[in-house]
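K.L.:
Numbering (the numbering used here), first residue to last: 9 to 133. Every residue gets a Cβ at the ideal spot worked out from N, C-alpha and C, and that includes glycine. Pasting in a structure now, in structure tokens, and then I'll have a few things to ask.
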């Protein structure tokens, strides 16, 4: 069975944790958390929190599918944030798949803001 919900992830993930819900797969696709370097740290904190909460809802052996469209969060930083979230959640993770945007969203190396989509699938223990 599959269910899709559009909601404020921070609120709904907190509620589901209180209800002790567990899922085989949790997918997170938040909007961009910042477009400014001045608020980058706040965005990093937000990505860490949302992914930590998502991981806590994944049954052992299940999967967290997560993404970021914040161009100021590089692929390496995004993976680092997910690692920090796993550590704080006391969960072991294994990277299954990492992708960036498809060819219809070209990455132009001299234009930082064109490398914005990141998509990660991890197995959570």
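Run the CB neighbour count on residue 74, radius 10 Å, all protein chains shown included, and call it buried at 16 or more, exposed below.
P.N.:
Counting Cβ neighbours within 10 Å, residue 74 comes out buried, since at least 16 surround it.
K.L.:
Do you know how far the Cα of residue 9 is from the Cα of residue 114?
P.N.:
Computed Cα separation, rounded: 35 Å.
K.L.:
May I ask which residues mark the beginning and end of the beta strand (DSSP E) holding residue 102?
P.N.:
It spans 101 to 108 - the beta strand (DSSP E) in which residue 102 sits, taken as one unbroken run.
K.L.:
Under a Cβ-count criterion, where at least 16 other Cβ atoms within 10 Å of its own Cβ denotes burial, should residue 34 be classed as buried or exposed?
P.N.:
The residue is buried, with at least 16 neighbouring Cβ atoms inside 10 Å.
K.L.:
Measuring alpha carbon to alpha carbon, tell me which of 57, 105, 44, 127 ends up nearest residue 16.
P.N.:
Looking at the Cα atoms, 57 is the closest of the given residues.
K.L.:
Determine the burial state of residue 69: buried for a count of at least 16 other Cβ atoms within 10 Å of its Cβ, exposed for fewer.
P.N.:
Its Cβ having fewer than 16 others within 10 Å, residue 69 is exposed.
K.L.:
Where residue 59 and residue 100 are concerned, what is the direct C-alpha to C-alpha distance, given to the nearest angstrom?
P.N.:
Looking at the two C-alpha atoms, the distance is approximately 13 Å.
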